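Undergrad: In short: position in the sequence shown from 1, add 7, done, that's the numbering used here.
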Amino acid sequence: MAKITGLKCAVIGQNPVVRIATDEDVSGFAEIESSKPYVKPQVLYYEKYIVGQDPTDVERVMLRIRKLGSFKPWGSAVSAIETALWDLAGKIEGVSVHKLLGGKIRDRVRVYDGAVRAPLKGHSPEDYAESVRGMKQAREGFTIVKEKIGFHSAMREEVPDFFYGEVDRGSLYINRGSLTEKGLAHIIACVKAMKEVLGDEVGLALDCGPGWSLTSAIQFARAVEQLNIMWLEDMITGDYTPYVLADVYRELTSATSTPIHTGEQIYLRQNFIDLIEKRAVRIIGPDPCDIGGIAELKWAAEYADLHGIQVAPHGTGNGLIGLAALVQMSATLPKNYIAFEYPVGNPAWWYDIVDGLPNPIVEDGFIKVWDRPGMGVGLNERATRKRLSEEDEDFFD
Ligand SMILES: [Mg+2]
C-alpha cells in the first residue's frame, strides 16, 4: 500500500500547482486557478490531515479535509488535493482517471472558448462584434464561444448611466442594481452585433454578472429570446458570491425561455441541491477547482441530469494541468453535458513544461480523450525547475 508522505505547492508563473508525494516513486499533481496565487499557505495547511493515508482511497482521504473548505475562493485547496489524489490513484493503479470515475461515455469532449481571443478593446457593439469574429476564426474551430457583458464587464463604468446605482471601481463584483433603459438597450445592441457575426454556426453564451436585479434580468432574458443564446451566466449570484439564492433564480428561469446558468462559485454537491431540486436554472456550471474536485463535480452533474438540468463546467482560470483534469472528468459526465470552458497556458512557456497534451489540443471544437495512467499529462521536471522561484526550489524533492 502506498502512503502519502507530503504535500507541496509551487506557484509556477501565476499558477499554483499542488503535488502530493508518496513513499513510492510516484506523485499526483493538480492546479489551482491563476487568480488565486495566494492559496499556497492554505494548501500546506491540509498536509497534516492527509500524511500517512492511502492515496488510492480517494474518498476516505477527502472525508478528512472536505469540511475544511468553503465557497470560492476557499475551496480551491481542497479541490486541488482531490484532483491530485485521482491523478495519483490512476498512476498507482495504472489506469486513466476516466476509468476510475466510471469510464468514459464519449471519445471526445466539446469545449467552449472563453480565453483564446484577444481581450475586448472596448464595450461598444463594434468591439463585441470584432471580439467574437476573432473567436469564430480561431484555429480551434470552437462551436460555442462565451463573452462577458453587463456587470461581468467594464460596461458598468464605460457606458454612461448604465444602471441605477453608484459605480464601485474598487471591488470585485460589488456593483449591483437595475439597469437603466439606456443600459439595457446598449447590452441588447451588443448581443445582436455578436449574433450577426456568429450566425447559426457558433453558439453564443454570455457571462453576465453577478449583480442584476431580478427585474432587469427578466427584461434582458426575454428581450434576447429570439436570438437563441446558449445561456446567461451568473445574473443574480455567481462568481465570488458566497451564497446561491435559488428561489430568485427559479423566478428568473420560470419567466423566460433563454437558458439560465450558474454555479462556478459553489462548493460541494450539497450546495447544489436547492438549485437543482427547485429547477432554478437550466444549466449548472460548477468549476472542478472550486466545487471540491472532479468526482465532486460528477456527483452534481449526475444529480442535475436526474432533474432535467444540463452541465457546462467552468474552467477558464485553470491552466494546462487543470485542462487534463477537465478532459478526463468530462468524458465521464452523463448526456446532460454541453461543453467545458477551455483553459489556455499562460504565459506561453507553459506549453513547453507540460508533457502529454495532444498537438493541436482542440480540433473542430473538440478534444480527443486520451488513455494514459492518471491524468495522462505531467510536468517535465527539467524544464519546470527553470521556472520555479527560489522559494519553491524543493517542489520536486
Ligand atoms: Mg463566469
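From the three backbone atoms N, C-alpha and C, an ideal C-beta is built for every residue, glycine too. Bear in mind that the values here come from a model prediction, so they are computed numbers and not experimental data.
Quick check on the burial criterion: 16 or more other C-beta atoms within 10 angstroms. Buried or exposed for ILE164?
TA: According to the sequence displayed, residue 164 carries Glu and not Ile. With fewer than 16 Cβ atoms within 10 Å of its Cβ, GLU164 is classed as exposed.
Undergrad: Roughly how many angstroms lie between the CA atoms of PHE373 and VAL118, to the nearest whole one?
TA: 6 Å
Undergrad: In angstroms with no decimal places, state the Cα-to-Cα distance between ASP61 and ILE11.
TA: 6 Å
Undergrad: Compute every distance between the C-beta of ASP241 and the non-hydrogen atoms of ligand 1, then say whether any falls below 7 Å.
TA: yes
Undergrad: Identify which residue in ILE225, PHE347, ARG26 has its Cα closest to the Cα of ALA2.
TA: Summary: the structure shown does not reach residue 2, with the chain confined to residues 8 through 404, and so no result is reported for it.
Undergrad: Going by C-alpha distance, which of VAL18, CYS16, ALA37 is nearest ALA331?
TA: ALA37
Undergrad: Is it the case that the Cβ atoms of VAL188 and LEU221 are separated by a distance below 8 Å?
TA: The amino acid occupying residue 188 in the given sequence is Glu; Val does not appear at that position. Going by C-beta atoms, GLU188 is not nearer than 8 Å to LEU221.
Undergrad: Which residue wins for smallest C-alpha separation from LYS43, given the options VAL68, LYS79, ASP64, MET8?
TA: LYS79
Undergrad: Does DSSP put TYR119 in a helix, in a strand, or in coil?
TA: strand
Undergrad: Rounding to the nearest angstrom, what Cα-Cα distance links GLY59 and ALA9 in this structure?
TA: GLY59 and ALA9: Cα-Cα distance of roughly 9 Å.
Undergrad: Please report the Cβ distance between ALA253 and ALA287, rounded to the nearest whole angstrom; I am assuming they are in contact, meaning their Cβ atoms lie under 8 Å.
TA: 4 Å
Undergrad: At which residues does the alpha helix (DSSP H) containing ASP312 begin and terminate?
TA: 301-312
Undergrad: Report yes if the C-beta distance between ASP175 and CYS215 is below 8 Å; otherwise report no.
TA: For ASP175 and CYS215, no; Cβs fall outside 8 Å.
Undergrad: So for ARG26, helix, strand or coil by DSSP?
TA: Residue state, collapsed to three classes: strand.
Undergrad: Buried or exposed for TYR45, going by 16 or more other Cβ atoms inside 10 Å?
TA: exposed
Undergrad: If we ignore side chains and look at the alpha-carbon of each, how far apart do GLY141 and GLY315 end up?
TA: 34 Å
Undergrad: Could you tell me which of VAL18, ALA125, LYS98 sits nearest to VAL33, measuring between CA atoms?
TA: LYS98
Undergrad: In the DSSP assignment, find the alpha helix (DSSP H) that holds ILE360 and state where it starts and stops.
TA: 357-360
Undergrad: Can you tell me whether TRP356 is buried or exposed, with buried defined as 16 or more other CB within 10 angstroms of its CB?
TA: That one is exposed.
Undergrad: Are the CB atoms of GLY292 and GLY326 within a distance shorter than 8 Å?
TA: no
Undergrad: Does the beta-carbon of ILE345 have 16 or more other beta-carbons within 10 angstroms, so that it is buried, or is it exposed?
TA: buried
Undergrad: Mark GLN277 as exposed unless 16 or more other C-beta atoms lie within 10 angstroms of its C-beta, in which case mark it buried.
TA: Exposed, since its Cβ has fewer than 16 Cβ neighbours within 10 Å.
Undergrad: Just reading off the alpha helix (DSSP H) that SER83 is part of, what are its end residues?
TA: 83-100
Undergrad: Could you tell me whether the region 89-109 touches the region 369-389, using the rule of 3 or more Cβ pairs below 8 Å?
TA: yes
Undergrad: So for ILE273, helix, strand or coil by DSSP?
TA: coil
Undergrad: What are the boundary residues of the beta strand (DSSP E) that includes HIS34?
TA: Looking at the sequence provided, one finds Ser at residue 34 rather than His. Where SER34 is concerned, the enclosing beta strand (DSSP E) stretches over 34-38.
Undergrad: Determine the extent of the alpha helix (DSSP H) in which GLU240 is found, giving its start and end residues.
TA: Taken as a continuous stretch (DSSP letters only), GLU240 belongs to no alpha helix (DSSP H), being part of the beta strand (DSSP E) at 238-240.
Undergrad: On the three-state DSSP scale, how would you describe TYR411?
TA: This structure cannot speak to residue 411, because the chain is shown only from 8 to 404.
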